[in-house]
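Note sheet for the following structure.
Have a look at this one:
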């Protein structure tokens with residue numbers, strides 16, 4: 007099964023567009039999912055890019071039947087991510103996804119998967135490296151270290167001003183790498199971009215609430 011899925015990832019990777027579109031994005035959503043047992047709790051949080059004001063949130067709880075398998079995260083997370091985004095009143099101009107885009111062994115992480123399958127402009131923002139090699143340079147001279155994959159620039163390891171560990175930023179779909187990094191910088195106040203921080207918090211709160219409710223029923 008995994009061999010067939012890897013072949014599909016490689017095939018779909020050819021559909022990823024790594025270029026900006028004429029209209030600059032005005033809104034950006036962060037989406038994240040948390041899991042408990044066979045349930046997924048997903049949240050989407052939409053912000054204005056210029057003012058970083060929270061515009062809207064949406065949540066969904068749904069069953070999940072694909073196991074956690076490294077490098078195949080898209081098959082597990084796309085259904086709840088898509089469901090949360092579908093509950094928004096307006097389609098966001100850009101979507102930040104907690105996971106990799108092009109920085110993936112098949113160059114098709116969950117951010118690419120969501121972008122291609124849903125037709126969205128997406129950016130991958132991950133907390134841990136998965137693929138690629140950072141270029142050697144003085145880390146004290148740059149907050150963003152280029153990461154090469156298969157001999158090509160595929161992403162950046164960017165350390166936020168108030169962070170000590172880098173975020174791994176890469177193209178998901180319909181955006182250039184330079185613009186992806188710029189948007190992540192613009193929307194980050196502390197450790198994570200604000201839309202992703204909100205989505206993560208909301209998803210975790212949903213999961214915690216259900217656990218407490220189940221506990222009170224015993």
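Numbering (my numbering), first residue to last: 7 to 224. Glycine residues also receive a C-beta, built at the ideal position from the N, C-alpha and C atoms.
For the beta strand (DSSP E) assignment, the uninterrupted runs of no fewer than 3 residues enclosed by the segment 65–105 are, from N- to C-terminal side, 100–104. Non-local beta-carbon contacts of residue 121 in its own chain, meaning distances under 8 Å to residues more than five positions away in sequence, involve 22, 101, 107, 127, 128, 178, 179, 180 in chain order.
The beta carbons of residue 79 and residue 160 sit no closer together than 9 Å. Taking a contact to require three or more Cβ pairs closer than 8 Å, the segment 60–78 and the segment 202–216 qualify as touching. Judged by DSSP in its simplified three-state form, residue 162 adopts strand. In the DSSP annotation of this structure, the continuous segment of the beta strand (DSSP E) that includes residue 45 starts and ends at 45–54. Spatial neighbours of residue 26 in its own chain (CB-CB distance under 7 Å, excluding positions within 5 residues in sequence) are listed in chain order as 181, 182, 185. In the three-state reduction of the DSSP assignment, residue 32 falls in the coil class. A contact between stretches requires three or more CB pairs, one per stretch, nearer than 8 Å, and the segment 85–101 fails this requirement with the segment 156–172.
When C-alpha distances from residue 28 are compared across 99, 151, 44, 169, the shortest belongs to 99.
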